[in-house]
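Protein chains in written order, with the numbering used here: chain L, 338 to 581; chain X, 56 to 350.
Where a beta carbon is used, it is the ideal one built from N, C-alpha and C, also for glycine.
Dropping the structure here:
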């Protein structure tokens, strides 16, 4: 469905992403894992049109999207829920969601999608008239995802949805991601939280210094010794030390 | 008592002009984070357009509408030609560019029409007077206040309620997130310049209509005062812009009306002294928020 081929991105002289290729089929959750600065966010920003790729192609169902402006990419059916939530803090929750429907002419459809969002995140309905800036971090993350869903996407790009959230809220967010997949959504998940990301996704790509170094079914990747050492090892020692 | 009422009425008139112009500064600032010092020149453009059209024999109402349209076009062109390419260039570049635009427009106007003072002949109807309480008021005074109230209300409704207005606030709040929702920020910024230009055009016409004589330097000082009014109210706040405009005018008019003969020629200095004191206590203006985040 979404296919990225030979994508390279550079800022000034620095090559942030070097010749990466990956694809996501319809209804799949794919996670993109890597340490800070590995190029995960740059990859997402290129897909959503915020940065221009130096070379390579990005296609959605065969339609070339590389180099197109963000508005074109949103109407093609890809929405990027950015890292750090980035809600419109001085707008109300309702207005934030309405902005998701900015490109949708038929406002009845926008309202239907908003109802769907309220089913996923009932708390947003209660906060409708509140300024988004007054919400808790978890609620803001839900709003950011909800706002993205109101654009009516076929592919959802989630950048670090668990960042800075309490474990119980992270659980709630991942639950919703799974629910979205059951509803047929195609999802690219960028995470530093490798354990949860691999648990929820069918396939995983590991990125290091701008390149994809490993890919395969998440269950296999999670068993890879190198991956265990770098991404899971620290966590396990931390957990074991707490238990002992 | 009659003297006081008369002073109050002229403060309201002048304040209305400042308020209309200050709103334009505020809208552009809150969306782009940029202070457009060429904004005042739009008053000059509106007045000169109206003058040319009236001299060409265009009926008054049509001439006013066309003058507003021309001013809006200038607003769009200024943004498109001078500001779009420096949108990410930093504050000092933007300020210097807007000053350059201001000087350029004023000089262009002088080159075409020379710098002599001109008279705007508006229909007699507007200078008709009638008595309210103990003072005389002319029709243009009432029109000025009415235009300001209606336009301010219209702007508030546009920004609060319409899709364009909400998108404007979204772009002002977080430009990148607005991008990700598919909001075309160029169109939104153009809309902001159109709104600011229309208000400035109306202000320019009302101002020149009231004082009948004008020249190519009319916009700059008015623009600077309206800018200070916007800062006083809190840049970026509509309520602030309007309140700031009226406070500014009240100070100016009452200092010039009540200061003792010896110091009355320093009335502008007194006005600015008060403004400086207010800003010392409230550096972000009366309605400004201290934690503005821009991305």
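Cβ closer than 8 Å: which chain X residues qualify as neighbours of residue i?
i	result
residue 488 of chain L	236 and 237
residue 464 of chain L	By Cβ distance, chain X contributes nothing, its closest Cβ being about 17 Å from residue 464 of chain L, past 8 Å.
residue 419 of chain L	231, 232 and 235
Which of the three DSSP states is assigned to residue i in this structure?
i	result
residue 540 of chain L	strand
residue 355 of chain L	strand
residue 103 of chain X	helix
residue 463 of chain L	helix
residue 174 of chain X	strand
residue 376 of chain L	coil
residue 502 of chain L	coil
residue 402 of chain L	coil
residue 272 of chain X	coil
residue 437 of chain L	helix
residue 496 of chain L	strand
residue 288 of chain X	helix
residue 296 of chain X	helix
residue 96 of chain X	helix
residue 183 of chain X	coil
residue 395 of chain L	strand
residue 517 of chain L	helix
residue 428 of chain L	coil
residue 545 of chain L	strand
residue 169 of chain X	coil
residue 267 of chain X	coil
residue 365 of chain L	coil
residue 339 of chain L	strand
Would you mind telling me which residues of chain L sit closer than 9 Å to residue i, beta carbon to beta carbon, in chain order?
i	result
residue 222 of chain X	436 and 439
Quick one: what's got a C-beta closer than 7 Å to residue i's C-beta in the same chain, skipping five residues either side?
i	result
residue 60 of chain X	188, 189 and 190
residue 178 of chain X	115
residue 572 of chain L	Residue placement at residue 572 of chain L cannot be trusted, given a pLDDT of 49 that sits under 50; what the coordinates show is reported in the next sentence. 532.
Looking at residue i and the ligand PLP, is the gap between the Cβ and the nearest heavy atom below 7 Å?
i	result
residue 424 of chain L	For the ligand PLP, the structure offers nothing, since it holds no ligand at all.
Can you check whether the C-beta of residue i is within less than 8 Å of a C-beta belonging to chain L?
i	result
residue 189 of chain X	no
residue 12 of chain X	With chain X covering 56 to 350 only, the question about residue 12 of chain X has no answer from this structure.
residue 228 of chain X	yes
residue 161 of chain X	no
residue 296 of chain X	no
residue 246 of chain X	no
State yes or no: is the beta carbon of residue i nearer than 8 Å to at least one beta carbon in chain X?
i	result
residue 599 of chain L	Missing from the structure shown is residue 599 of chain L; chain L here goes from 338 to 581 and no further.
residue 362 of chain L	no
residue 454 of chain L	no
residue 428 of chain L	yes
residue 432 of chain L	yes
residue 498 of chain L	no
residue 412 of chain L	yes
residue 511 of chain L	no
residue 425 of chain L	yes
residue 484 of chain L	yes
Excluding the 5 residues preceding and the 5 following residue i in the sequence, name in chain order all residues of the same chain whose CB lies nearer than 6 Å to its CB.
i	result
residue 144 of chain X	none
residue 438 of chain L	447 and 487
residue 256 of chain X	101, 123 and 126
Check the Cβ of residue i against every Cβ in chain X and list those closer than 7 Å, keeping chain order.
i	result
residue 594 of chain L	Absent from the structure is residue 594 of chain L, since the part of chain L shown begins at 338 and ends at 581.
Identify the contact partners of residue i in chain L, using a Cβ-Cβ distance below 7 Å as the criterion.
i	result
residue 225 of chain X	425, 428 and 436
In chain order, what residues of the same chain have a beta carbon less than 8 Å from the beta carbon of residue i, not counting five sequence neighbours either side?
i	result
residue 80 of chain X	90, 91, 94, 251, 281, 282, 285, 290 and 296
| said: Please list, in chain order, the residues of the region 435-452 of chain L that have any C-beta partner in chain X closer than 7 Å. | reply: 435, 436, 437, 439 and 440
| request: Could you list the residues in the region 361-394 of chain L with a C-beta less than 7 Å from some C-beta on chain X, going in chain order? | output: 385 and 387
| request: Scan the region 130-146 of chain X for residues whose Cβ lies nearer than 9 Å to a Cβ of chain L and list them as they occur along the chain. | output: none
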